[in-house]
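Take a look at the structure set out below.
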Amino acid sequence: MGEFISEFVNESLGFINDLFGGNADRAMQQVGIQVISTLLLFLVVRFFFWNKVTDYLEGRKAAMRQEYDDAKQANENAALKREEAVKELHDLRKSSKGILDEARFRSLEERKDILAKAKLDANKLVDDAHKEIDSQIEKAKKDINDEIVSVATLMAEQIIKKEIDETKHKELIKEISKEVAN
């Protein structure tokens with residue numbers, strides 16, 4: 003494995019030397035500057051933007067948790083109402099058959115409606131929360147990506163502006179844009 007790495011490095015240095023007509027040191031300096039610039043860009047994003055995004059997502063997660071708990075409470079309330087309806091049914095059963103039939107029909111319909119509504123409301127709250135989180139995550143990713151692209155482009159433009167002609171500059175920008183987009 004060590005021989006492979008050594009051979010790869012030697013071949014790479016030979017290629018760079020051939021590519022830049024003997025200016026391998028200068029090419030390596032440029033690569034070093036690019037690596038340092040990229041690292042600095044990463045650190046800026048990490049320390050200035052990452053916490054804001056994660057704080058926002060944590061806040062959204064807490065809001066979703068609260069909505070979920072509210073939906074769960076509504077479900078529990080529906081279960082309590084169902085129990086009350088069953089108790090009422092039992093009392094009515096004791097009093098008379100006619101009242102029992104009518105009360106049974108009403109309580110079953112009410113129970114179905116309450117459970118259906120509670121399930122619909124809970125599912126809607128959960129679905130809306132998931133959609134909102136997905137939307138916010140995508141927006142945050144897009145915003146971070148756009149910011150990274152603009153900063154990297156600006157830094158690369160400043161570095162490269164002095165060292166290559168306009169056509170190579172345009173080609174490099176296109177390549178970098180394609181890589182960042184992927």
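Numbering (our numbering), first residue to last: 3 to 184.
Using N, Cα and C, we set each Cβ at its ideal position, and we do this for glycine too.
Source: prediction; values computed, not measured.
- Counting C-beta atoms within 10 angstroms of its own C-beta, L41 has fewer than 16 neighbours from the protein chains shown and is therefore classed as exposed.
- The residues V153, in chain order, have a CB closer than 8 Å to that of V46 in the same chain once the five nearest residues on each side in sequence are set aside.
- Between F107 and A118, the alpha-carbon positions lie close to 16 Å from each other.
- The beta carbon of L91 sits closer than 8 Å to those of L102, A105, R106 and S109, all from its chain and outside the five residues before and after it, given in chain order.
- The continuous alpha helix (DSSP H) containing S97 extends over residues W52 to S97.
- The shortest CA-to-CA distance from Q68 to any of S97, L127 and R48 is the one to L127.
- Residues of the same chain with a CB within less than 8 Å of the CB of A158, apart from the 5 flanking positions on each side, are Q36, S39, L174, I175 and I178 in chain order.
- Of all alpha-carbon atoms in Q31, R28, A73 and A29, the one lying nearest the alpha-carbon of D130 is that of A73.
- E112 is a Cβ neighbour of A87, given a cutoff of 9 Å.
- I135 is not a Cβ neighbour of K54, given a cutoff of 9 Å.
- An exposed status is given to L122, since fewer than 16 other beta-carbon atoms sit within 10 Å of its beta-carbon.
- Closest in C-alpha terms to D145, from the list K99, S98, W52 and N12, comes W52.
- A buried status is given to A120, since no fewer than 16 other beta-carbon atoms sit within 10 Å of its beta-carbon.
- For the 9 Å CB-CB criterion, I116 and R95 do not form a contact.
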